[in-house]
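The block underneath contains the structure these notes are about, expressed in structure tokens.
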Amino acid sequence: TLNVPDQPIIPFIEGDGIGIDITPPMVKVVDTAVEKAYGGKRKISWMEVYAGEKSTMVYDKDTWLSDETMATLKDYVISIKGPLTTPVGGGIRSLNVTLRQELDLYVCLRPIQYFTGVPSPVKHPEKTDMVIFRENTEDIYAGIEWAAGTEEVKKVINFLSDMGVRKKIRFPEASSIGIKPVSIDGSKRLIRKAIQYAIDNNRKSVTITHKGNIMKFTEGGFRDWGYQLAKEEFGAELIDGGPWCKLPNGIVIKDCIADAFLQEILLHPEDYDVVAALNLNGDYMSDALAAQVGGIGIAPGANLSDTVAMFEATHGTAPKIAGKNLANPSSLILSAEMMLRHMGWTEAADLVLNGVAKAIASKRVTGDFSSQMEGATQVGTAEFGDEIIKHM
Ligand code: ATP
Ligand code: MG
20 TLNVPDQPII PFIEGDGIGI DITPPMVKVV DTAVEKAYGG KRKISWMEVY AGEKSTMVYD
80 KDTWLSDETM ATLKDYVISI KGPLTTPVGG GIRSLNVTLR QELDLYVCLR PIQYFTGVPS
140 PVKHPEKTDM VIFRENTEDI YAGIEWAAGT EEVKKVINFL SDMGVRKKIR FPEASSIGIK
200 PVSIDGSKRL IRKAIQYAID NNRKSVTITH KGNIMKFTEG GFRDWGYQLA KEEFGAELID
260 GGPWCKLPNG IVIKDCIADA FLQEILLHPE DYDVVAALNL NGDYMSDALA AQVGGIGIAP
320 GANLSDTVAM FEATHGTAPK IAGKNLANPS SLILSAEMML RHMGWTEAAD LVLNGVAKAI
380 ASKRVTGDFS SQMEGATQVG TAEFGDEIIK HM
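Here you go:
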């Protein structure tokens, strides 16, 4: 378990676009919850660190992510961030991707929970209560690919021709090629975290999602290594001859083909709980499930390594509504709630969670929600933060 001091320093990145709207209410809500829960015995010292556009203003025009920022995020272990603009052109990688890779944040954690009253496209959104563990560093998503017509592709095609691959399937010269690496330890460390989370949080099951029926060694490997890990490291026993199995405490480890899973979350969401996914599948699932319970304005997230935990709003910078006090701060505030829980400050986390639930139920909400809620009143970003505090 983490050893968090009573007066921790927590670095935060304000974020670009609506980051300037949603970060101040997040800080205010968290400080109030901590004060209410611990009455001055505990207090967070916020330390601003710079990334994205703001970094280019504080440092210089080419510094989107400074070594200083990276070092701070690593040293202080727990941090929280708003959305970041990725510079167009100039060969700069997405800042989010850079952060994930440099800090080896291999888990993208996305809880999917429904708050009563939130507009949803499904009839029974309250049946959805899941936690997605998406692998963050591998898969076709790692970006190892070459454009059609390049020398690299020629070399790969020659190699594949030698292997006889091109005889078996249609494979024109003019192809772009991508590589899908899925490693044993990369899969295991992700699924290990998912199973441990299920145990720590008394969840019912862990579902390994995959397309192993088609991609036997990559996606199928993910499934097989997951079951292997469940047995070898967590003492799981086969159910009815397998492959599903059960941990000694009753948690079921099962698997589901990824396309079927996207039907399942609409048809039988109550059958799923903790979900482990490879990078690309996890990307699709996270967005679909977020929409099911109210959209990106309210979807929190975290990126985790074995040591570092970075909590973040899952939406983008929404430049059109930036600086106008219109954005919904719920995604960032619920990310902060996850952060408090991660720190073991459960009482403060519960205050935030209940505050958000009651603020939504009071129907005084930001425009993204009020426009679709009968009898709702639209309030600004800052005012919605105050609503949460009022209901704590
Ligand atoms: P980026 O290029 O950084 O991804 P974006 O505008 O595409 O910026 P997204 O998060 O992808 O940002 O959002 C798509 C749309 O959803 C936004 O244009 C905005 O209308 C809406 N949106 C996103 N986040 C919020 C929020 N927190 N509150 C209200 N509306 C939001
Ligand atoms: Mg976007």
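In UniProt numbering, the protein residues as written are 20 to 411. Where a beta carbon is used, it is the ideal one built from N, C-alpha and C, also for glycine.
Where does residue i fall in DSSP's three states?
i	result
residue 165	strand
residue 60	coil
residue 244	helix
residue 350	helix
residue 174	helix
residue 229	strand
residue 100	strand
residue 184	helix
residue 120	helix
residue 84	strand
residue 326	coil
residue 152	strand
residue 358	helix
residue 391	coil
State the start and end residues of the unbroken alpha helix (DSSP H) segment that holds residue i.
i	result
residue 259	Run containing residue 259: none; DSSP gives neither H nor E here.
residue 45	38-57
Residue i to residue j, Cα distance in whole Å?
i	j	result
residue 392	residue 380	10 Å
residue 310	residue 141	9 Å
residue 277	residue 197	20 Å
residue 145	residue 186	51 Å
residue 159	residue 298	8 Å
residue 282	residue 289	13 Å
residue 326	residue 96	6 Å
residue 48	residue 386	20 Å
residue 115	residue 260	43 Å
residue 242	residue 253	16 Å
residue 226	residue 210	10 Å
residue 36	residue 103	8 Å
So, at 6 Å on beta carbons, what are the nonlocal neighbours of residue i in its own chain, with the 5 sequence-adjacent residues on each side left out?
i	result
residue 377	410
residue 62	26
residue 263	273
Flag residue i as yes when its Cβ comes closer than 8 Å to any non-hydrogen atom of the ligand ATP, and as no otherwise.
i	result
residue 349	yes
residue 37	yes
residue 104	yes
residue 316	yes
residue 410	no
residue 339	yes
residue 335	yes
residue 386	yes
residue 114	no
Can you name the start and end residues of the beta strand (DSSP E) that residue i belongs to?
i	result
residue 365	It is not in any beta strand (DSSP E) - residue 365 instead sits in the alpha helix (DSSP H) that spans 365-380.
residue 271	271-276
residue 426	Examination of residue 426 is not possible in this model, given that the chain is present from 20 through 411 alone.
residue 304	Premise fails: residue 304 lies in the alpha helix (DSSP H), 298-311, not in any beta strand (DSSP E).
residue 403	No beta strand (DSSP E) contains residue 403, which is instead part of the alpha helix (DSSP H) from 400-409.
residue 29	28-32
Excluding the 5 residues flanking residue i on each side, which residues of the same chain have their C-beta closer than 8 Å to its C-beta?
i	result
residue 174	none
With a threshold of 8 Å, establish whether the CB of residue i neighbours any heavy atom of the ligand NAD.
i	result
residue 169	No copy of the ligand NAD occurs in the structure displayed; its ligands are the ligand ATP and the ligand MG alone.
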